[in-house]
Amino acid sequence: MHRRSLLASALATPFAIALALPARAEMDISRAASFIESTGQELVGVINANQPIAARRQRVAAVLRRAVDVDGVGRFILGRWWRTATPAEQQEYMKLFEETLIRNLSARFGEYEGVRFSLGRSQQRTEDDALVNTIIERPNSAAFSLDWRVGEVNGQPRVVDVIAEGTSLRLTQRSEYSAVISRNGGQISALLEAMRNQIAALAAREGR
Amino acid sequence: MRSLRRPLLVLAGFLALAGCATRPPASEPEALAEYEQTNDPLEPFNRTMYAVHDGIDTVLLRPAAQVYRFIIPQPVRGGIRNVLANLRSPVILLNDGLQGETQRFGTTLGRFLLNTTLGVGGIFDVAKDFGLPAHGEDFGQTLAVWGVGEGPYLFLPVLGPSNPRDLAGFGVDIAANPTTWVIANGNDTVQTLGYVQTGLTVLDAREGLIETLDSVKETSLDPYATLRSAYRQRRQNDIRNGGGQPSPALGTGLGAGVQAPARN
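As given, the protein sequences belong to chains A and B, one line each in that order.
According to numbering that gives the first Met the number 0, the first sequence holds residues 0 to 207 in order.
According to numbering that gives the first Met the number 0, the second sequence holds residues 0 to 263 in order.
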């Protein structure tokens with residue numbers, strides 16, 4: 000497997016360099032790509048830093064809070080239920096959502112020791128968003144590709160979705176949350192309750 | 000959807016036992032839109048099947064996959080996975096052809112020839128190093144390319160997430176695989192090898208999904224809904240040949256849609 004990831008990185012690196020040059024033709028793409036590049040390098044640096052896992056996780060969380068459009072993603076995921084939620088429920092949902100997202104992602108990324116990443120092909124998908132392709136390599140694992148959907152939020156590039164092999168994280172999670180609410184008679188409070196329990200469980204596990 | 004009416008009728012027979020999800024009234028357009036989007040009118044039946052599957056998985060499939068991982072060391076497991084993939088090549092080749100994908104047809108043919116010979120019966124994926132990476136293809140995808148709709152979402156024990164189109168495709172792929180016929184007409188030894196192949200296919204697919212499915216069950220508030228969404232998105236991606244590693248070749252795609260397994 001080592002040989003394979005070496006081969007993949009040998010192929011991916013010149014590709015990423017070649018990509019950085021003609022990308023200036025389309026301002027949005029190059030901006031999104033360099034945003035993902037710098038955020039990714041920052042994350043990789045933090046993940047591979049020689050620090051205890053808890054400290055690493057915290058620093059990963061800090062990078063993610065800056066890079067991800069947490070508010071926009073949270074609203075997108077609650078979807079049609081956002082409008083039926085009371086202002087208090089909306090507020091609590093946002094708080095719980097941010098915590099769930101950051102905890103889940105940083106717990107996952109925090110364990111990716113030895114991770115390397117490089118830009119793959121990059122392409123614009125919609126008028127507003129750019130899709131930036133990256134290749135993630137971990138020791139002893141096959142390389143895989145992740146697409147980052149980058150939108151502009153208050154003039155700044157922000158991650159609005161992560162797509163793995165055609166599967167969008169925000170679409171999958173919207174389906175999940177909506178199922179929880181629908182199956183509890185349209186009660187947003189049921190989702191909030193489930194999220195609270197999940198956070199407690201995650202916290203308990205991290206504490207181990 | 001229209002072209003699926005007949006298989007739907009067949010299914011309706013035993014699905015009638017389980018009842019259907021309630022379609023939201025037209026006065027709730029958003030709920031209705033979501034209902035259509037989710038494409039799961041048989042949800043109560045499917046959730047029951049998911050519960051059955053989850054039981055089988057917990058007591059049988061997952062433990063078996065763990066034992067498999069424990070007793071077969073890695074380079075050997077990778078070789079087994081490659082052999083199983085190589086045995087599927089004729090089916091992939093056929094579907095490449097039926098979809099008019101000439102380049103991918105060539106890739107599959109080249110892979111089969113190289114891996115069967117230089118790769119010692121498919122144990123080593125030498126074709127990859129020759130610039131011929133693996134891709135998956137099945138008759139469910141071919142039907143989709145031909146314009147057949149997926150029909151309602153289905154969850155089946157052991158086979159996992161599916162739909163009438165992909166389920167029919169699964170059957171056609173088995174019938175179209177030369178291996179199936181060699182095994183069916185072979186002597187006892189050959190038939191035993193056939194069982195071994197089936198068993199290893201299940202073990203290999205489940206082993207590759209241990210971490211992925213564990214993480215879905217751990218982090219999702221509704222794993223059934225997560226798998227449903229992930230499967231349908233992943234199938235869309237596979238149908239338009241959107242790239243990514245081929246999903247584990249277990250039936251209609253248990254776990255397809257979740258991140259392809261990393262090989263350890």
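In this text, a Cβ means the ideal position worked out from N, Cα and C, and glycines have one as well.
What you are looking at is a predicted structure, and each value in this text was computed from that prediction instead of being measured.
Whole-Å CB distance - residue i paired with residue j, under 8 Å assumed
{"i": "residue 218/B", "j": "residue 103/A", "result": "6 Å"}
{"i": "residue 28/A", "j": "residue 129/A", "result": "5 Å"}
{"i": "residue 176/A", "j": "residue 77/A", "result": "6 Å"}
{"i": "residue 176/B", "j": "residue 89/B", "result": "6 Å"}
{"i": "residue 187/A", "j": "residue 83/A", "result": "7 Å"}
{"i": "residue 119/A", "j": "residue 139/A", "result": "About 21 Å separates the two Cβ atoms, so there is no contact after all."}
{"i": "residue 73/A", "j": "residue 97/A", "result": "7 Å"}
{"i": "residue 232/B", "j": "residue 166/A", "result": "4 Å"}
{"i": "residue 58/A", "j": "residue 45/A", "result": "4 Å"}
{"i": "residue 110/A", "j": "residue 47/A", "result": "So it is not a contact: roughly 12 Å between Cβ atoms."}
{"i": "residue 45/B", "j": "residue 152/B", "result": "7 Å"}
Terminal residues of the beta strand (DSSP E) in which residue i lies
{"i": "residue 160/B", "result": "159-161"}
{"i": "residue 137/A", "result": "That residue, residue 137/A, is in no beta strand (DSSP E); it is neither H nor E in DSSP."}
{"i": "residue 153/B", "result": "153-155"}
Of the listed residues the options, nearest to residue i (C-alpha basis)
{"i": "residue 171/B", "options": "87/B, 109/B and 190/B", "result": "87/B"}
{"i": "residue 67/A", "options": "165/A, 117/A and 39/A", "result": "39/A"}
{"i": "residue 200/B", "options": "157/B, 153/B and 42/B", "result": "157/B"}
{"i": "residue 163/A", "options": "197/B, 241/B, 216/B and 138/B", "result": "241/B"}
{"i": "residue 77/B", "options": "41/B, 50/B and 125/B", "result": "125/B"}
{"i": "residue 35/A", "options": "139/A, 94/A, 158/A and 72/A", "result": "158/A"}
{"i": "residue 142/B", "options": "210/B, 73/B, 205/B and 164/B", "result": "164/B"}
{"i": "residue 36/B", "options": "173/B, 149/B and 137/B", "result": "149/B"}
{"i": "residue 155/A", "options": "93/A, 178/A, 127/A and 87/A", "result": "127/A"}
{"i": "residue 160/B", "options": "49/B, 208/B, 236/B and 65/B", "result": "49/B"}
{"i": "residue 32/A", "options": "90/A, 110/A, 87/A and 117/A", "result": "117/A"}
{"i": "residue 120/B", "options": "84/B, 104/B, 137/B and 191/B", "result": "84/B"}
{"i": "residue 238/B", "options": "134/B, 181/B, 202/B and 209/B", "result": "134/B"}
{"i": "residue 61/A", "options": "167/A, 101/A, 122/A and 193/A", "result": "101/A"}
{"i": "residue 81/B", "options": "57/B, 53/B, 114/B and 109/B", "result": "114/B"}
{"i": "residue 100/B", "options": "198/B, 71/B and 140/B", "result": "140/B"}
{"i": "residue 98/B", "options": "136/B, 26/B, 23/B and 216/B", "result": "136/B"}
{"i": "residue 41/A", "options": "115/A, 196/A, 168/A and 192/A", "result": "115/A"}
Limits of the alpha helix (DSSP H) - the one that residue i falls within
{"i": "residue 33/A", "result": "26-46"}
{"i": "residue 156/A", "result": "Looking at the DSSP string, residue 156/A is not in any alpha helix (DSSP H); the run it does join, the beta strand (DSSP E), is 155-163."}
{"i": "residue 53/B", "result": "42-55"}
{"i": "residue 76/A", "result": "69-77"}
{"i": "residue 172/A", "result": "168-181"}
{"i": "residue 68/B", "result": "61-70"}
{"i": "residue 230/B", "result": "222-238"}
{"i": "residue 177/B", "result": "177-183"}
{"i": "residue 149/B", "result": "Careful: residue 149/B lies outside any alpha helix (DSSP H) and carries neither H nor E."}
{"i": "residue 191/B", "result": "187-207"}
{"i": "residue 91/B", "result": "73-97"}
{"i": "residue 114/B", "result": "101-116"}
{"i": "residue 120/B", "result": "Unbroken run through residue 120/B: none, as it is neither H nor E."}
{"i": "residue 129/B", "result": "Note, residue 129/B: premise wrong, no alpha helix (DSSP H); not H, not E."}
{"i": "residue 139/B", "result": "138-144"}
{"i": "residue 30/B", "result": "28-37"}
{"i": "residue 83/A", "result": "80-83"}
{"i": "residue 66/A", "result": "52-66"}
Those residues which DSSP pairs with residue i across a bridge
{"i": "residue 147/A", "result": "131/A and 161/A"}
{"i": "residue 116/A", "result": "135/A"}
{"i": "residue 122/A", "result": "130/A"}
{"i": "residue 152/A", "result": "155/A"}
Proximity test, residue i beta-carbon vs the ligand COA heavy atom, cut-off 6 Å
{"i": "residue 146/B", "result": "By its list of ligands, the structure shown contains no ligand whatsoever, and the ligand COA lies outside what it can speak to."}
**OP:** Determine, using beta-carbon pairs with one atom in the segment 93-108 of chain B and one in the segment 51-63 of chain B, whether at least three such pairs fall under 8 Å.
**Re:** no
**OP:** Pair every Cβ in the segment 50-62 of chain A with every Cβ in the segment 132-151 of chain A, then say whether three or more of these pairs are closer than 8 Å.
**Re:** no
**OP:** Say whether the segment 218-232 of chain B touches the segment 179-195 of chain A, bearing in mind that this needs 3 or more beta-carbon pairs closer than 8 Å, one atom from each stretch.
**Re:** Output reads yes: the segment 179-195 of chain A touches the segment 218-232 of chain B.
Original post:
Should the segment 227-241 of chain B be called in touch with the segment 166-174 of chain A, which here means at least 3 C-beta pairs below 8 Å?
Top reply: yes
**OP:** Could you name the residues of the segment 199-218 of chain B whose beta carbon sits closer than 9 Å to any beta carbon of chain D, in the order they occur along the chain?
**Re:** In the structure shown, chain D does not exist; the protein chains are A and B.
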